[in-house]
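Residue numbers (my numbering), protein chains in the order written: chain A, 1266 to 1562; chain B, 24 to 281. Everything below concerns the one structure shown next.
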Amino acid sequence: MEFLNYAFMQRALLAAALVGVTAPAVGIYLVQRRQALMGDGIGHVAMTGVGLGFLLSTSPVWMATAVAVVGAVAMELIRWYGKTRGDIALAMLFYGGMAGGVMLINIAPGGSNANLSSYLFGSLSTVSDDDVTAICLLAAFVVLVTVGLRRQLFAVSQDEEFARVTGLPVRALNLLTAVTAAVTVTVAMRVVGLLLVSALMVVPVAAAQQLTRSFAATFAIAVAIGISVTLGGTVTSYYQDVPPGATIVLLTIGVFIVLTLLATPLARRRARASAARDAACTADVPGARGTADEVTV
Amino acid sequence: MADARTEPVISLRAVTAELGGRPVLRGIDLTVARGEVVALLGANGSGKSTAVRTVIGQVPVTGGAVEIFGTPRRRFRDWARVGYVPQRTTAAGGVPATVTEVVTSGRLSRARFGVLRKADRAAVTDALEQVGMADRAKDSVSALSGGQHQRVLIARALVSEPELLIMDEPMAGVDLASQEVLAATLRHQVEQGASVLLVLHELGPLEPLIDRAVVLRDGCVLHDGPPPKAVGQHALPGHDHVHPHDADAAPVRTGLLT
């Protein structure tokens, strides 16, 4: 555990753990509403923020946060109003954001695409004290929203139309989800990079749901996987001199594969159990069972 | 009692609405009085789902007035009094959720800040018992059949203990056993004094409960009165000639009918 003696490793581990918590915590709502790739889109848009940060010589983290939030809100607005060509509009936003970032950083005095690389793929060992402060504040916001409003966000993500009829402020909650996702992207930017952040939002959730039947358990296990892989990946990169961002993402995918293999017999057993129960409780209505009764897993 | 029955819980007056620039409702009048069970019938594309969706605010109206419990819809906030069962299309989200979790989300209109008290949990259990799904409370909704899933959605609507139930094709894609459970649940709700607006493709097993039928065609009201008899119903344009009274021959619906 000698790595704990280095200040840069302490900062790296703290930042990594916070990303391990926040990325799946937001990602679960994106996966639930089948917008798993939204994090990727926000990551593209955030590049313009990084470029702007260099151009104006301000903190790229805060600038990326601001631009990512604007981009996420724009995506949400496109989802409301531009139903027909929404995907085209989103594509333009994504690639416009990416091209904007490359352009701005090249215009910036002393800037080059080499600076961009640490934001694209993460640069955990260069996380500064200021970065850690920013990451802590942003992570606190993300946890507050995703845990504090979990029932409301669950309802809106599960069935937006129904949520409106329960009187929930659906639009405000959708915007809040978008903003929270944008904040998470910039939290994760220094750790795994803008191009890999979406993996940490989606894959731990996908891995967790191999084992679970409930949303609450999926949330808890996804966060546990998130922390394990971010810390594990950071420590591995210390000993093996491999890029931490890529290590973390590959570890996450490894966890997904292992859990999927473990879960296949489990799912089969559950399906059999529930099929047996169905047969027992409708046995008194002979001939009433149609094809719709068959259990699908 | 007579006075209470005449007070409308839903009132649509000369409502027009369009979807994608195409007029879907061309000025319909529709009222549901307190304690009344009204079926909204019509062929595919007649505007019956759109009419219901103007009531819940999912489709904006381009003209006319929509009132719920005497309040213009835009200013209506008391959503705990309304239980809504959407058409079963968004079967499950991308993340597993248990029956209890889904039904609990219907209670948020009463548990405003998402803090669940004992009474809220009791209401969830009670709603699940009403639709005969209490033994599946901890199961994932994705492991349920179409009929069981529909029962869960109805429990989700009942859990806020609403005075008004709005259901969009509750019998679509539902096996016969579940249809009977749903009819019994609805009967119980009506006995308790609930008002009901149902979108139906055919009257089917709910026929004895229905006080009045409103038939739409091309976004206009074609009939508003006693439920049409089987012959009249068969005469409706676009009727697909299934025989709801012949239980054994009742086809299993796909749930994709609009």
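The C-beta atom is built at its ideal place from N, Cα and C for all residues, glycine as well.
Through-space distance from residue j to residue i, alpha-carbon basis
i, j, result
"D1395(A)", "L1433(A)", "37 Å"
"V32(B)", "I189(B)", "11 Å"
"L167(B)", "R174(B)", "10 Å"
"N1439(A)", "V1421(A)", "8 Å"
"A1272(A)", "A1356(A)", "41 Å"
"A1532(A)", "G196(B)", "25 Å"
"L1459(A)", "V244(B)", "55 Å"
"I177(B)", "G155(B)", "11 Å"
"E1425(A)", "F1419(A)", "10 Å"
"G1318(A)", "G1336(A)", "16 Å"
"A1473(A)", "L1269(A)", "29 Å"
"E1341(A)", "P251(B)", "45 Å"
"T1483(A)", "L1409(A)", "18 Å"
"L1320(A)", "R1416(A)", "41 Å"
"R97(B)", "A1280(A)", "45 Å"
"D162(B)", "A1536(A)", "11 Å"
"L1369(A)", "G1316(A)", "5 Å"
CA nearest to the CA of residue i, picked from the options
i, options, result
"G242(B)", "E41(B), R36(B), R49(B)", "R49(B)"
"Q171(B)", "A145(B), L181(B), P185(B), L199(B)", "L199(B)"
"A145(B)", "F136(B), E184(B), V164(B), P119(B)", "E184(B)"
"G68(B)", "P119(B), D234(B), E41(B)", "E41(B)"
"R104(B)", "I91(B), P95(B), R98(B), T123(B)", "I91(B)"
"E30(B)", "D234(B), P119(B), S218(B), R100(B)", "S218(B)"
"Y1346(A)", "S1382(A), R1436(A), G1376(A)", "R1436(A)"
"M1303(A)", "V1334(A), A1511(A), M1328(A), S1383(A)", "V1334(A)"
"R57(B)", "V75(B), G70(B), S34(B)", "S34(B)"
"G106(B)", "V75(B), T94(B), V82(B)", "V75(B)"
"V125(B)", "V1488(A), V1520(A), T1525(A), F1480(A)", "F1480(A)"
"T1313(A)", "V1407(A), G1306(A), V1332(A)", "V1332(A)"
"A1511(A)", "T1483(A), V1456(A), V1488(A), G1491(A)", "V1456(A)"
"V1284(A)", "Y1504(A), R1535(A), I1490(A), V1520(A)", "I1490(A)"
"S201(B)", "L223(B), V108(B), V60(B), G169(B)", "G169(B)"
"M1266(A)", "Q1423(A), S1377(A), L1496(A), Q1300(A)", "L1496(A)"
Chain A within 7 Å of residue i, Cβ atoms only
i, result
"L63(B)", "no"
"E225(B)", "no"
"L151(B)", "no"
"L42(B)", "no"
"V254(B)", "Bear in mind that the predicted position of V254(B) carries a pLDDT of just 49, short of 50, making it too unreliable to give a figure here."
"L279(B)", "Caution is warranted here: a pLDDT of 39 is assigned to L279(B), below 50, making its placement in the model unreliable, and no coordinate value can be reported."
"S128(B)", "yes"
"V118(B)", "yes"
"S132(B)", "yes"
"S163(B)", "yes"
"Q81(B)", "yes"
"T77(B)", "no"
"G137(B)", "yes"
"T298(B)", "In the structure as shown, chain B starts at 24 and stops at 281, and residue 298(B) therefore has no counterpart that could be examined."
Short CB-CB distance (under 7 Å) between residue i and chain B
i, result
"G1292(A)", "no"
"Y1521(A)", "Note that residue 1521(A) corresponds to Phe in the displayed sequence, not to Tyr. For F1521(A), the answer is no, since every Cβ of chain B falls outside 7 Å of its Cβ."
"T1431(A)", "yes"
"V1296(A)", "yes"
"T1445(A)", "no"
"S1479(A)", "yes"
"T1483(A)", "yes"
"L1524(A)", "no"
"Q1475(A)", "no"
"F1427(A)", "yes"
"R1416(A)", "yes"
"Q1423(A)", "yes"
"R1299(A)", "yes"
"R1537(A)", "no"
Start and end residues, beta strand (DSSP E) containing residue i
i, result
"D247(B)", "243-248"
"D52(B)", "45-56"
"D191(B)", "187-191"
"S34(B)", "31-42"
"R240(B)", "235-240"
"L220(B)", "218-222"
"I91(B)", "86-91"
"V105(B)", "105-108"
"A62(B)", "60-65"
Element boundaries [alpha helix (DSSP H), containing residue i]
i, result
"P1289(A)", "1272-1297"
"I1486(A)", "1480-1505"
"L167(B)", "From DSSP, L167(B) is part of no alpha helix (DSSP H); its letter is neither H nor E."
"F1406(A)", "1394-1413"
Within chain D, the residues that residue i reaches when beta carbons sit closer than 8 Å
i, result
"E124(B)", "Absent from the structure: chain D. Protein chains present are A and B."
Contact test: residue i Cβ vs the ligand ATP heavy atom, cutoff 6 Å
i, result
"E30(B)", "No copy of the ligand ATP appears in this structure; indeed no ligand is present at all."
Quiz item: Fully enclosed by the stretch 1306-1354 of chain A, which alpha helix (DSSP H) runs are 4 residues long or longer?
Solution: Correct list: 1325-1346.
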